[in-house]
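What follows is a single structure, written as C-alpha cells, with notes after it.
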Amino acid sequence: SGLLYAVNRKYAGADQELREGDEVALIPPVSGGSFLLSEEPLDLTAAVAEVSNERAGAIATFVGTTRIDSRGRVVQHLDYEAYPDMAEDVMERIAQDLKSKYELCEIAIHHRIGRVGIGETSVVIAVSAPHRQDALAACRDAIDTLKETVPLWKKEVYEGGEEWIGRGS
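Just so you know, we're using my numbering here: the sequence shown kicks off at 35 and counts up by one.
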C-alpha cells in the first residue's frame with residue numbers, strides 16, 4: 035500500500051510494539067495534489083492551476099459558498115474550526131482513494147477555517163482527469179467524503195443565536 039508508520043516522530047515497522055503515550059502517525063505515499071486549510075479567501079483559479087496537467091482532458095470543480103438561510107433561520111456568518119494536521123492528512127487520503135477508484139491526474143482540496151461571510155467560498159475542489167466522467171464523479175465523491183470524514187467543525191451564527199452543525203452537513 036505504500037503506507038509508512040512513525041512512532042514518536044521516528045519511522046517504525048508496522049509490527050512495532052506500542053506503549054502508553056506513544057504518538058503514532060500513518061504517513062501516506064506522495065499522491066500528487068494540493069491540500070490546504072486557510073483563513074484567507076480561497077481562489078478557484080489557483081486550485082485549477084494546481085491540477086492542470088497535459089494528460090487532462092477535463093477539470094471538474096466544486097465551490098461551496100455560505101448561504102444566507104439554513105433550516106429556516108437567517109445566517110450571519112459561519113465559523114469553521116479544524117484539527118489542521120489531521121485534516122490535511124485526511125484530505126490527502128481522500129485524494130489517494132479517488133485516484134485508486136478513478137483515472138485521475140491531480141486533485142486539489144482547499145477549505146476555509148475561521149470566519150466565512152455570506153456569499154464567501156468555504157471549500158474549493160478541483161479534479162483533473164483524461165476524461166470528464168471520472169473528473170465529475172471524483173469531484174462529487176471528494177466533497178461527499180470530505181463532509182463525512184475530515185475533522186472540520188462548522189458553527190452557524192444566526193440573528194439571535196448560534197449552533198454547531200454536525201459532520202455531513
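Note that CB positions come from ideal geometry on N, CA and C, so glycine has one too. None of these values were measured; they are calculated from a predicted model.
So E190 and E182 are in contact, right, with Cβ under 8 Å, and what is the actual spacing, rounded? No, E190 and E182 are not in contact; Cβ-Cβ is about 19 Å, not under 8 Å.
Contact between the segment 146-157 and the segment 169-176 is defined here as three or more beta-carbon pairs at a separation below 8 Å; is this criterion met? no
Between G151 and L180, what straight-line distance do the alpha-carbon atoms span, to the nearest angstrom? 21 Å
Bridge partners - E190, DSSP secondary structure assignment: L112, E197
To the nearest angstrom, how far is it from the Cα of K133 to the Cα of E193? 42 Å
Give me the Cα-Cα distance between Y136 and T99, rounded to the nearest whole angstrom. 26 Å
Is V124 helix, strand or coil by DSSP? helix
Counting only the same chain and skipping the five closest in sequence on each side, list residues whose C-beta sits under 8 Å from that of V109. T100, R101, I102, D103, I152, E190, V191, Y192
At least one CB of chain C closer than 9 Å to the CB of K44: is that the case? Of the chains in the structure shown, none is chain C; there is only one protein chain.
In terms of alpha-carbon separation, which member of E88, H144, I128, A116 lies closest to A163? E88
Can you grab the Cα-Cα spacing for the pair A90 / D49, in whole Å? 40 Å
Ignore the nearest five residues each way along the sequence and tell me which others in G47's own chain have a CB closer than 8 Å to its CB. Y39
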